[in-house]
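Novice: Mind having a look at this structure? Questions to follow.
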Amino acid sequence: MKNPLRSEAEAFRWLMVVLAGAITVIFAAKLISSTAGLVWATVLIVAGLWWLYRKARAGQRDAPPTRGGDGRNRIVVIAERELGEQVLVEEVVSRLTGHRDQVLILVPVMGNPEDDPGAAVIANESIELARQRMELSLIALRELGIKARGILTGSDRDQALLVSGRTFAADDTVELD
Amino acid sequence: MESASISLGHGDAHGHEHHGPPEANQSSKMDRQVLGILLFIVSEVMLFGAFFAAYFFLRVVVDPITWPPNGIELPVFVAGVNTLILVSSSFTMHYALEGIRRNNHRALRLGLGVTWLLGATFLFIQLNEYVHIGFSARDGAFGSIFYSLTGLHGAHVFVGLLLLTFANIRASRGHFGPEEKNHLGVEVTGIYWHFVDIMWIVVFLTVYVL
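In order, the protein sequence lines correspond to chains A and B. Here the working numbering is used: the first residue of the first sequence is 34, the next is one more, and so on. Here the working numbering is used: the first residue of the second sequence is -17, the next is one more, and so on.
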C-alpha cells in the first residue's frame, strides 16, 4: 500500500477532497438538520474508506509478483570481467520493468590470494581496480535514475550469489563475463 | 573462501565512499522517509481519533441530551472565518512549494511568510475566542472536551508555526533548491501543515457544525 501522504502535493489533494466533503456536510447540516449532516458525514467517511480499500487491493493485483513479495523488481548483475559501463547499463536497462526496480552489482575481485597464493602482492591492486569498476558502473546507472548498489565479492560467483541472495531476493540475474 | 569474508566493500548509487560506522540496516520493503512520515501521520490520526471518540461518547451519554448544554453559544461565524484563514494558509503553502519546484525563491519566501502569518492569525483568533467564549474547561463535560479537542489542534498549529519559522529562516538564507532532496524541509512542513488543516476541518465540523 502506498502512503497517501507521501508528498506535499498529495497531501494538498487530500485537503481539497476533505474540504469538498466538508462543504457538502455543512450544507446538509444547515439545510436539513445536524443529524442529516452527521449521517451524510458518516456515509462519506465509509465510502472513502471503501474506495481506499478497493484501490489498495487493485494495486496489489496489478503489481507483478516478485520474489521479495513487495512489488519491487530486483536485478542482480555479476560483472566478472572488465566491461565498459555502457555494456552493463544497456544490459541492465533491457531488464527493467518499471516496477520500482532495484539493481545490485556484484563485482568479483579477480586474482585473489586464495586462488593463487603467490598473488598476494597484487590483491590490493585488484581490489582497488574492482572498486573503481563498481563505482563507475554505479555512477552510470545513477545518471539514468536507476536505484543501484554494489558489492565487491570473492572470485567464486556461486558463493557471491548465495550471499547476496540472503538480503536481495533477485527476480533476474544478469551475468556479464 | 568463506562466504562471510568475500564481501570486501560496497558502494551505493551516490558514488561516495562510505566512512565511519556501517550504515544502519534498512528494510527493503519501504523507504525509511516514507515509512517515517506514514507512521507519524498514523500516530497523529490515532491521537485525534481518541479525542473524537471521547467527544462523541460524551455527546451520547450526557444527561440531559442538549449539546452544547443550554446557555452555551459557540461562535460559529468566527470559527468559520478562522477555518477559511487556515484553509487559505494551505493554498499559500502549496504556492510556496510550487515556487521552489520551479526554482522561484521569491515565491517560496512569499508563500512561507504568508502561511506563517495566516497560521499565527488563526492561533490568535482561537486564543481570543477562548477569552471571550464564556465558559471554561471546568464547566462540565462539554467544556472539557471542547478545550481538549480545540486545544490539541491549537498545539499542533503551534508546532506547525515553529516548523514554518525554521523553514522561513532557511528560505531567507537560500538553503532550498528545486530538486526534491533540496527542499525536503519545506516538503515535510507542507505535509504536516496540510494534515493540521484537514484535522481542523474535521474538528470544526464536529464541534461547531454537527
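Ideal Cβ placement from N, Cα and C applies to all residues, glycine included.
(1) Contact between the segment 71 to 89 of chain B and the segment 156 to 165 of chain B: three or more CB pairs below 8 Å?
(2) If contacts are defined as beta-carbon pairs under 8 Å, then Glu113/A and Val207/A qualify, I think. What distance do you get, rounded to the angstrom?
(3) Please classify Ile183/B: does DSSP put it in a helix, a strand, or coil?
(4) So, for Ala61/A: in the same chain, excluding its five sequence neighbours on each side, which residues have a beta-carbon less than 6 Å away from its beta-carbon?
(5) Among the residues of its own chain, which have a CB less than 6 Å from the CB of Gly67/B, if the five just before and after it don't count?
(6) Could you tell me whether the segment 130 to 143 of chain A touches the segment 160 to 170 of chain A, where touching means 3 or more Cβ pairs closer than 8 Å?
(7) So if I threshold CB-CB distances at 7 Å, which residues from the segment 124 to 139 of chain A count as touching chain B?
(8) Leu71/A versus chain B: which residues are under 8 Å apart at the beta carbon?
(9) Does Thr186/A come out as helix, strand or coil in the three-state DSSP assignment?
(10) Any beta carbon from chain B within less than 8 Å of Ile111/A's own beta carbon?
(11) Buried or exposed, going by whether 16 or more other CB atoms sit within 10 Å of the CB of Asn150/B?
(12) Can you give the Cα-Cα distance for Leu144/B and Ser72/B, rounded to whole angstroms?
(13) What span of residues does the beta strand (DSSP E) with Ile115/B cover, start to end?
(14) Report yes if the CB atom of Leu40/B is closer than 8 Å to the CB atom of Ala123/B, and no otherwise.
(15) To the nearest angstrom, how far is it from the Cα of Ile165/B to the Cα of Arg105/A?
(16) Determine contact between the segment 172 to 188 of chain A and the segment 76 to 83 of chain A, defined as no fewer than three beta-carbon pairs at a distance below 8 Å.
(17) For the beta strand (DSSP E) containing Val110/A, list its first residue and its last residue.
(18) Closest by CA to Arg155/B, which one among Thr74/B, Leu90/B and Gly116/B?
(19) Using CA atoms only, rank isn't needed, just tell me which of Val141/B, Ile127/B and Val178/B is closest to Phe34/B.
(20) What are the start and end residues of each continuous alpha helix (DSSP H) run of 4 or more residues lying completely inside the segment 29 to 113 of chain B, in chain order?
(21) Looking at the unbroken alpha helix (DSSP H) that takes in Ile56/A, where does it start and where does it end?
(22) Give the residues from the segment 176 to 192 of chain B that approach chain A closer than 7 Å (Cβ to any Cβ), ordered along the chain.
(23) Hey, does Leu48/A have any beta-carbon neighbour from chain B nearer than 8 Å?
(24) Tell me Ile30/A's beta-bridge partners as DSSP assigns them.
(25) Kindly identify the DSSP beta-bridge partner or partners of Thr206/A.
(26) Tell me the rounded alpha-carbon separation between Gly187/A and Leu121/A.
(27) Quick one: which chain B residues come within Cβ less than 8 Å of Val58/A?
(28) Got a sec: which bits of the segment 69 to 95 of chain B sit with their beta carbon under 8 Å from any beta carbon on chain A, in order along the chain?
Specialist: Straight from the coordinates:
(1) yes
(2) Wrong, their Cβ atoms sit about 11 Å apart, outside the cutoff.
(3) Here Ile183/B sits in helix by DSSP.
(4) Ala69, Gly70 and Trp73
(5) Checking the sequence, you will find Ile at residue 67/B rather than Gly. Excluding residues within five positions, the ones whose Cβ falls inside 6 Å are Leu100, Thr103 and Phe104.
(6) yes
(7) none
(8) Leu192
(9) In the structure shown, the three-state DSSP call for Thr186/A is strand.
(10) Residue contact with chain B for Ile111/A: absent (no Cβ-Cβ distance below 8 Å to any residue of chain B).
(11) buried
(12) 16 Å
(13) For Ile115/B, no beta strand (DSSP E) run applies, since DSSP gives it neither H nor E.
(14) Yes, the Cβ-Cβ distance between Leu40/B and Ala123/B is below 8 Å.
(15) Note on residue identity: the sequence assigns His, not Ile, to residue 165/B. Each residue's alpha carbon lies about 27 Å from the other.
(16) no
(17) Asn106 to Ala112
(18) Leu90/B
(19) Ile127/B
(20) 58 to 83
(21) Looking at the DSSP string, the run of the alpha helix (DSSP H) that includes Ile56/A is Glu41 to Leu64.
(22) His176, Phe177, Asp179, Ile180, Ile183, Leu187, Val191 and Leu192
(23) yes
(24) Any answer about residue 30/A is impossible in this case: the structure gives chain A only from 34 up to 210.
(25) Val109/A
(26) 20 Å
(27) Leu187, Val191 and Leu192
(28) Val69, Ser72, Met75, His76 and Leu79
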